[in-house]
Every structure is written in structure tokens, then in C-alpha cells.
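Notes follow the structure.
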Amino acid sequence: MTVMLDVKDLVAGYGAVQVLEGLALHVNEGEVAVMLGANGAGKTTTMRAISGMIARKGTVKFLGNDITTTAPNEIVRMGIAQVPQGRGTFTDLTVEDNMRAGAYIRKNGSDVDADMKEWYDVFPRLRERRSQKAGSLSGGEQQMLAIARALMSKPKLLLCDEPSLGLAPIITQELFTILGRLNAEHGLSILVVEQNANLAVKIAHQVFVLETGTIVASGTAEEIAADDIVRKAYLGY
Amino acid sequence: MGEFLQYVINGLALGAIYSLVALGLVVIYRGTGHLNFAQGEMALFATFGAWWIYDRGVTMWFAVIIATVFAFIGGAVIEFGLMRPAGKKSPLAVVVVSIALFQGMNSLTNLVFKESSDGVTFQSLFPNEPLDFYRLSGETIWRFQDLGILVTVLILTGGLFLLFQKTKVGLAMRMVANNPDSAKLVGVSTNKTLMLSWGIAAALGAVAGAMIGGLNANLNIFTMFEIFLLSSAAATLGGLDSPLGALVGGLLLGVIKSLVSNYPKDWAGSGYVNATTAVAAAFVIILIVLVVRPSGLFGSSRVERV
């Protein structure tokens, strides 16, 4: 099995505040990896460090290439798309322009249009609202748009930062079903960061548990579910 | 009625120039969230450049196009060399640097073009002999120069609109204006996009400078000061992030200024309303608009659902 994303000794933070202290995790090709962690554990910082949005030390390797010093707008060209926390929708742009924004690194053409049609089929609400400004969408619709936008760049690896944030349980469930399908049907590798552990672990192959800047437990979804301490702390039963 | 129409027509030309400078302000504001205080003085330097090139014995159009190209490059260099390093320090540093640039470009103009303190004669881009006009009806006329300015500005605004809405570069500019972090995540180089914005703004300023020079038949070190003041007012009136607002705001201000400086004079018989009073009246109207609509006529008041 090929390791797609390999992160070692990752150190990152904001100014003088160091959040990550030597974090290590990996995502295998064709798998879903889930990182669990409480508020303030460093989940978003990890995502921003991988996608190059903040300065980082250590090694981040993607498909064998070291991307530790690569700029975010280059990293997306290599095949990593990030759905940022809080969705990062272009609120003043229409839904369709958001989709086109997602395809920014690709040449305009028929295959971009075909992809847009494909993702509109997966997210029919977006098609209905394609000429509306994205800011007028509901939270769930914006999250779907954020995922669809990321998919428009034809990524090899999708990073999802707390997709359930601020959404109703039923919408969250729908989202994770879609993420699971993207992995199963399209072979997309995914790294999801979540607080909602129960749903996330269901679609996961690998699980990493993050506490104050380091990974404290990791293993397959079954192993993690079998670990009493982790189960009590994160799955709540 | 004919008189009213004439005042409106006169105001449209000056207003179109305000619009053009305001458009430059909007392009930079959308990208950076800052008002570029040096917009007028950057244009002043470029326009003196055009005058110097024209003085070498080429046509005015050629001179203005060359100066505009150089202004574009200069604007990009200013973003790269001054504004970007300042932006890394703090937002306040950007404001201070932009005010320093306002003073600096004025002094540089004076240093490079000694003639600027006395002023120079500036050739209009458009036919401007006494009989170069269309007669609309009766005594109402539309001078070729006024018409030329308005049409040029409308064409440039239309071009800018197409750039924003129909091209990938324009999409990138709208992305950076709306959400710079997300723009990076989809692969946009925000640095290049901001350089482009500054280049476009400086180029628009150069064209505006050439047109006000032609309208006044004169160019001097103070020319752009009042233009900048009224253009930033026009941009505020239209809504600082709206190109359409800049266009409408500029034209409105030009017309208001023209009406106010002409009508009271007529009512009072021999009364004299100077330009300053007209400017003051324009500002009162802006104040009223902003009290009713704080984000300007076309500005987006950001409403976001979370």
C-alpha cells in the first residue's frame, strides 16, 4: 500500500505560540484517514500546515515529494485540495463562480464543464442555486459547495477541516455519507479532521487521535474502537 | 431646460474623470481593503511623463499610451516594493506608506519635471477647436472633447467589467477581494493578483490625468489634488468595493458640481459661486447618502449566514 501523505515531526504555530509539537500522521492511497481531537488540540493548525497556509517545520511528503516549503497555491497544483474550517466560501461570488474558482488551476474546457455537471449531480441543491450568491446559501449547502469546489481541482487528496461544524445532525450524516462515497466510488484519498467522532470513524480506515499538539493514539478504525480509553473519551460509550 | 441639459453635459465630462480615478481606487480597495491615498499623485507623475513624451514630437495619443504602459509597470512595482513589505508589518503601516507615497510622488514630479510648479500647456486627446462640437438642439452643444472623455471612460469601464466577470484573471481578482485565504487554497497567487490590481489602478490614473490635463488645457503640480479628493468621495458614494458604484458616483458628482456652480449664479443674477462652494455642496450630498446607506449606493453590505 502506498503512503500518499506522510507527515513527520511537524512543528507549527502562530507567531510565538507553538501549537504542533512533532506531529506525525499518514494517509494511504485510496483510504480515509480521520484525525480526532478536542477544541484547541491543533486540528486546524495541522490542516493549515499541510496545505502551506502557515509556516511549518519537519517533513511533509506528498507522493514522495517534499512539500514542506511549498506555497499553498503550488500545493493545490500537486493534487491536495483543502476544505477549510468555516468552509471558506467566496460569499460574494455565485455558486457557479465558486465552482469555477475551484477549477482555477485547470484549463477551461469541456472536461471542467463535465466535472461541474458530475458534482452538480452529486449535490443537486447546488445546481438549483447555481446563479445565487454563495453567501445566501444555508450552512449545509455552503459546506457542500466547499467540498464540490475542492473536487473541481481534481485532487488526489482531499483535506476536510471539521465539515460538521455548525450543521444539523442530519446534514452532517448526509455529508459523511457523501465523503464515504467519494472514497469508495471515486477512489479519492481523504483526510478528515473531526470532533464528531462517531460519524467520522464509520468511514475511516485509519484514525489518529490528537491531544495538545501530538498524536497520542493511532490505528485502524477497529483498533481505535477497541481501545477503551480512546473510546470513552472520543466516542462516548 | 436647454440650459439644464448643457450643465449636465458639462458635468458628465468632469464626472467621467472622477469615475476613472475612483475605479482605480476601487480596484485596489477590493484587493487590499485600503484606500490608496497616492492614486492622484501617481497619476500626476504619469501624466507629466505623457506631456514629456509628447514634447519629444509624437502624437498625444501615442504619448498617453506609452505613459499608461509605464504607469502600469510602476503601479506593480510600487505594490511589490513598498506596499507588500508594509503590509507584512501592519495595516497601519500600509496607510502610512500610502500617505508618504502621496507626498513622495508629488515631490518626485516636482523634482523630475521642473516645469510642474508653473504648470504646462496640455494638449487634449480630442479635437478641441472652438467649433468642435455637436449641436444637440438650440444652444445646447456637446463638445467633442467632453464627449470623447465620456466615451473613453465608458469603454474602459466596460472593458474592466468584462475583465472582472469573463476572464480567469478577473475571477482571481474577485476571489482575492472576497476571501484571500480561500483564493490561495484554489491555486491563486495573491501576490501576482495584487500587483496586477495596482498596475491596473495606476494605468487608469494615467488615462484620467491625461484627460483632466486636456480638459483644463493645463497641467501643474496641484492638478490631481482636487481630482483625488472628489474621486475618493465618488468611490465612497458609489460604495468602495463596487466598480459600477465608482462610475455612477463619479458621474453624479461631476453633474452635481456643474449644476451647483452654475444655477445659484443664475438665480442670484450676478452672484458668484466659486468651485469650492460647489465641492462643499457635493460633500453635503455624499454625507446625506452615507447616513441613509452607509455602504454607499452600490456597495455590498456584507451579510453572511453561518
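Residue numbers (the numbering used here), protein chains in the order written: chain A, 11 to 247; chain B, 2 to 307.
Where is the CB? At the ideal position from N, CA and C, for every residue including glycine.
Model, not experiment: these values are computed from the prediction.
Of the residues the options, the one placed nearest residue i, counting alpha carbons only
{"i": "residue 39(A)", "options": "219(A), 73(A) and 69(A)", "result": "73(A)"}
{"i": "residue 132(A)", "options": "159(A), 145(A) and 84(A)", "result": "159(A)"}
{"i": "residue 101(A)", "options": "44(A), 43(A), 214(A) and 156(A)", "result": "156(A)"}
{"i": "residue 108(A)", "options": "117(A), 140(A), 86(A) and 92(A)", "result": "140(A)"}
{"i": "residue 43(A)", "options": "201(A), 76(A) and 228(A)", "result": "201(A)"}
{"i": "residue 36(A)", "options": "70(A), 136(A) and 50(A)", "result": "70(A)"}
{"i": "residue 175(B)", "options": "13(B), 84(B) and 29(B)", "result": "29(B)"}
{"i": "residue 88(A)", "options": "52(A), 76(A), 47(A) and 213(A)", "result": "76(A)"}
{"i": "residue 90(A)", "options": "62(A), 142(A) and 174(A)", "result": "62(A)"}
{"i": "residue 197(B)", "options": "93(B), 208(B) and 161(B)", "result": "161(B)"}
{"i": "residue 14(A)", "options": "224(A), 235(A) and 216(A)", "result": "216(A)"}
{"i": "residue 27(A)", "options": "82(A), 206(A) and 66(A)", "result": "66(A)"}
{"i": "residue 127(B)", "options": "65(B), 228(B) and 250(B)", "result": "65(B)"}
{"i": "residue 47(A)", "options": "172(A), 162(A) and 192(A)", "result": "172(A)"}
{"i": "residue 194(A)", "options": "228(A), 182(A) and 214(A)", "result": "214(A)"}
{"i": "residue 125(B)", "options": "136(B), 55(B) and 34(B)", "result": "55(B)"}
{"i": "residue 204(B)", "options": "250(B), 57(B) and 74(B)", "result": "74(B)"}
{"i": "residue 112(A)", "options": "183(B), 62(B) and 297(B)", "result": "183(B)"}
{"i": "residue 239(B)", "options": "222(B), 213(B), 278(B) and 288(B)", "result": "288(B)"}
{"i": "residue 211(B)", "options": "114(B), 164(B), 62(B) and 40(B)", "result": "62(B)"}
Within chain B, the residues that residue i reaches when beta carbons sit closer than 7 Å
{"i": "residue 83(A)", "result": "185, 188, 189 and 190"}
{"i": "residue 111(A)", "result": "172, 176 and 187"}
{"i": "residue 107(A)", "result": "172"}
{"i": "residue 98(A)", "result": "180, 182, 183 and 186"}
C-alpha gap between residue i and residue j, whole angstroms
{"i": "residue 21(A)", "j": "residue 93(A)", "result": "21 Å"}
{"i": "residue 254(B)", "j": "residue 263(B)", "result": "14 Å"}
{"i": "residue 114(A)", "j": "residue 169(B)", "result": "7 Å"}
{"i": "residue 140(B)", "j": "residue 7(B)", "result": "8 Å"}
{"i": "residue 138(B)", "j": "residue 293(B)", "result": "38 Å"}
{"i": "residue 96(A)", "j": "residue 185(A)", "result": "15 Å"}
{"i": "residue 271(B)", "j": "residue 225(B)", "result": "With a pLDDT of 47 at residue 271(B), under the threshold of 50, the modelled position of this residue cannot be trusted; read the value that follows with caution. Spanning the two alpha carbons is a distance of roughly 30 Å."}
{"i": "residue 64(A)", "j": "residue 14(B)", "result": "48 Å"}
{"i": "residue 19(A)", "j": "residue 222(A)", "result": "14 Å"}
{"i": "residue 242(B)", "j": "residue 145(A)", "result": "16 Å"}
{"i": "residue 22(B)", "j": "residue 202(B)", "result": "8 Å"}
{"i": "residue 83(A)", "j": "residue 130(B)", "result": "54 Å"}
{"i": "residue 52(B)", "j": "residue 70(B)", "result": "14 Å"}
{"i": "residue 16(B)", "j": "residue 146(B)", "result": "13 Å"}
{"i": "residue 161(A)", "j": "residue 188(A)", "result": "12 Å"}
{"i": "residue 300(B)", "j": "residue 178(B)", "result": "13 Å"}
{"i": "residue 143(A)", "j": "residue 153(A)", "result": "14 Å"}
{"i": "residue 11(A)", "j": "residue 23(A)", "result": "32 Å"}
{"i": "residue 5(B)", "j": "residue 105(B)", "result": "41 Å"}
{"i": "residue 68(B)", "j": "residue 89(B)", "result": "30 Å"}
{"i": "residue 191(B)", "j": "residue 181(B)", "result": "7 Å"}
{"i": "residue 251(B)", "j": "residue 208(A)", "result": "58 Å"}
{"i": "residue 97(B)", "j": "residue 107(B)", "result": "16 Å"}
{"i": "residue 164(B)", "j": "residue 173(B)", "result": "10 Å"}
Chain-ordered neighbours of residue i on chain D, where CB pairs are closer than 7 Å
{"i": "residue 301(B)", "result": "Note that chain D does not occur in the displayed structure, where the protein chains are A and B."}
Per-residue contacts from residue i into chain B (C-beta, under 8 Å)
{"i": "residue 254(A)", "result": "The shown model of chain A, from 11 to 247, leaves out residue 254(A), and the question about it has no answer."}
{"i": "residue 114(A)", "result": "169, 172, 173, 176, 187, 188 and 189"}
{"i": "residue 163(A)", "result": "187 and 188"}
Neighbouring residues, chain B, relative to residue i (Cβ below 9 Å)
{"i": "residue 94(A)", "result": "182, 183 and 186"}
{"i": "residue 87(A)", "result": "188"}
Under the three-state DSSP convention, the category residue i falls into
{"i": "residue 37(A)", "result": "strand"}
{"i": "residue 142(A)", "result": "coil"}
{"i": "residue 207(A)", "result": "helix"}
{"i": "residue 271(B)", "result": "Legend: pLDDT at residue 271(B) = 47, less than 50; position of this residue unreliable, value from coordinates given subsequently. Correct three-state label for residue 271(B): coil."}
{"i": "residue 140(B)", "result": "coil"}
{"i": "residue 217(A)", "result": "strand"}
{"i": "residue 118(A)", "result": "coil"}
{"i": "residue 59(A)", "result": "helix"}
{"i": "residue 117(B)", "result": "helix"}
{"i": "residue 306(B)", "result": "For residue 306(B), the predicted model reports a pLDDT of 47, less than 50, meaning its position is unreliable and no value from the coordinates is stated."}
{"i": "residue 23(A)", "result": "strand"}
{"i": "residue 36(B)", "result": "coil"}
{"i": "residue 124(B)", "result": "coil"}
{"i": "residue 303(A)", "result": "Residue 303(A) is absent from the structure shown; chain A starts at 11 and stops at 247."}
Self-check item: Under 8 Å (Cβ pairs) to chain A, residues found in the stretch 166 to 178 of chain B
Solution: 169, 172, 173, 175, 176 and 178
Exercise. Name, going along the chain, the residues of the stretch 21 to 32 of chain A whose beta-carbon falls closer than 8 Å to a beta-carbon of chain B.
Key: none
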